Amino acid sequence: MRVRGEQWVPPVRVANDPAEPVPALLVRFAHVNGWIGLRHFCKLLGSTPEKIGNGSDLATLATATRIPAGELQSKIPVFTGKSVSYFGHRLSAEWLDTRQRRICPGCMAEDGRNHRFWWDLKFIDRCPDHGIALTSRCACGNVLTYTDADNLKCSSCTDEGLLDEPAKVDVPPRPFQAWCLAKMGCAVPVDPVPALDNLPLMLAIQLVTAVATLLDGGFSRTRPALSAMKDGGIHAAERAFELLVQEDLQIAIEPVVEGFRHGRASVFEIAPIEALGWFADEYAFKFAGNVPDFDRLLRHALTHCLGFPVAALDRREHLSLRSLAREVRAPMEAVILALEESETFGQCRPVGDDYAVPTSVATAIRVQWFNARLAHL
Ligand SMILES: [Zn+2]
Ligand SMILES: [Zn+2]
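UniProt numbering applies: residue 1 is where the sequence shown begins, and numbers increase by one.
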């Protein structure tokens, strides 16, 4: 079948589906040409499923399918550090899973067994068209992979039986997933979300995931792993997205700030963002300066939770009157008296049995006490 110097071109052609990854195209191509063993099929082409699937041998597939290599190129993941470009979308590499193959049985049954690239993304677990869960299992129970001989079943199943389409159950919608799919160019109707709409997709998902982790884990110094969350954080992400749509982050951060308070006496010694534990680092590295609408929502929520106005997330603006008194080695009453005399006590807000002193006012008090001490020398 293989002519010397010339590559075998299988007789049945397949159309290029712009949403279908290369490994799935290969499986479909082998199937329509009547091949059961994908490895054997690739051997006849002069390659392997791995080489074609990872993009290192697209030329062979291009010749065999008569689809230009350039068009195939955009259908394989390209990794750069911790991110990946997949179908023109820059995403975090950890969100992509091509080891197993997840499918929507509804879509598969309908349109010629074409795979959709978003089925490979961990933050998508539902088909937007059929409202059913994606499955990584063949009807026989085996895990589906990209080396199966047919996009509909595993390599052990040789009969022609189609995957059973699960009954359409009444499942809650997934607005966050719909929003992501719309961002990736799918025709999914979504409402505007000012806090996210103007952000690059990867940053928006990182933001929603971070809020989801706060919701799920409460206060923590180190970020809990997404894999430790129920359903890999799918439900928490939907809840976080809902709060961002409602422009109300207080529900998400209230328990986190409570957890912070539990282990620390004063919230004035720190930049407000630090009351959110691990999120402070995340904020500094990824979000600061890039997410203005989210900043506004977070400042608003922190103002409520901390009990003093938060104008900047990462700058300390207030000091505890108690710790200021400790610093200048004077009773709290004496400091209050000094504040009253300088007519700045009105700028200090009572919080519990303490006061939030603006840092500028606190500096003036420090200078005053320092000068007084000098005068006594
Ligand atoms: Zn579907
Ligand atoms: Zn099977």
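A virtual CB, placed ideally from N, CA and C, is assigned to each residue, including glycine. Model, not experiment: these values are computed from the prediction.
Return yes when the C-beta of residue i is under 6 angstroms from any heavy atom of ligand 2, and no when it is not.
i	result
asparagine 114	no
serine 156	yes
cysteine 140	yes
Looking at residue i and ligand 1, is the gap between the Cβ and the nearest heavy atom below 6 angstroms?
i	result
cysteine 104	yes
aspartate 129	yes
cysteine 107	yes
Is the beta carbon of residue i less than 7 angstroms from the beta carbon of residue j?
i	j	result
phenylalanine 260	histidine 318	no
alanine 149	leucine 38	yes
alanine 240	valine 211	yes
leucine 298	leucine 226	no
arginine 316	alanine 271	yes
glycine 70	proline 23	no
leucine 144	cysteine 157	no
aspartate 17	asparagine 142	no
alanine 356	phenylalanine 308	yes
alanine 362	leucine 313	no
aspartate 354	serine 320	yes
histidine 89	glycine 106	no
If we ignore side chains and look at the alpha-carbon of each, how far apart do residue i and residue j end up?
i	j	result
valine 9	methionine 202	39 angstroms
histidine 40	threonine 147	11 angstroms
aspartate 293	proline 11	55 angstroms
asparagine 151	leucine 61	17 angstroms
valine 367	alanine 334	15 angstroms
arginine 116	serine 360	57 angstroms
lysine 133	cysteine 127	It should be noted that the sequence gives alanine, not lysine, for residue 133. Cα to Cα, the separation comes out at about 6 angstroms.
glutamine 206	serine 83	12 angstroms
glycine 46	serine 56	13 angstroms
leucine 214	leucine 72	40 angstroms
proline 358	histidine 376	28 angstroms
arginine 273	valine 257	Residue identity differs from the one stated: residue 273 is isoleucine in this sequence, not arginine. When rounded, the distance between both Cα atoms is 10 angstroms.
glutamate 247	phenylalanine 79	34 angstroms
threonine 98	leucine 44	24 angstroms
arginine 349	leucine 276	22 angstroms
valine 27	glutamate 282	40 angstroms
arginine 2	tryptophan 35	For arginine 2, the predicted structure reports a pLDDT of 49, less than 50, and the residue's modelled location is therefore unreliable. A value from the coordinates is still provided. Distance between the alpha carbons of arginine 2 and tryptophan 35 is about 16 angstroms.
phenylalanine 370	threonine 222	39 angstroms
valine 14	histidine 31	10 angstroms
residue 379	glutamate 343	No information on residue 379 is available, as it lies outside the stretch 1 to 377 that the chain covers here.
serine 92	cysteine 180	14 angstroms
arginine 373	glutamate 242	56 angstroms
threonine 209	arginine 329	45 angstroms
alanine 338	cysteine 305	29 angstroms
arginine 296	aspartate 191	20 angstroms
asparagine 198	lysine 230	29 angstroms
proline 68	methionine 108	25 angstroms
asparagine 290	alanine 204	10 angstroms
arginine 322	proline 255	25 angstroms
glutamate 20	valine 310	47 angstroms
serine 266	alanine 288	24 angstroms
glutamate 340	glutamine 347	10 angstroms
arginine 326	glycine 81	48 angstroms
Assuming residue i contacts residue j under a Cβ cut-off of 8 angstroms, what Cβ separation, rounded to an integer in Å, is found between them?
i	j	result
arginine 174	glutamate 110	Contact flag wrong, Cβ pair sits at about 20 angstroms.
isoleucine 253	alanine 301	5 angstroms
leucine 196	leucine 244	6 angstroms
threonine 65	phenylalanine 87	The Cβ separation is near 18 angstroms, so there is no contact.
glutamine 177	isoleucine 251	Actually they do not touch by this definition, with Cβ atoms about 21 angstroms apart.
proline 77	leucine 96	6 angstroms
tryptophan 118	methionine 184	6 angstroms
serine 136	arginine 101	7 angstroms
residue 418	threonine 48	Past the boundaries of the shown model lies residue 418; the chain is included only from 1 to 377, so the question cannot be answered.
Hey, is residue i close to ligand 4, as in C-beta under 6 angstroms from one of its heavy atoms?
i	result
lysine 153	Here the bound small molecules are ligand 1 and ligand 2; ligand 4 is not part of this structure.
Under a CB-based cut-off of 7 angstroms, is residue i close to chain D?
i	result
leucine 243	Of the protein chains in the structure, only one exists, and it is not chain D.
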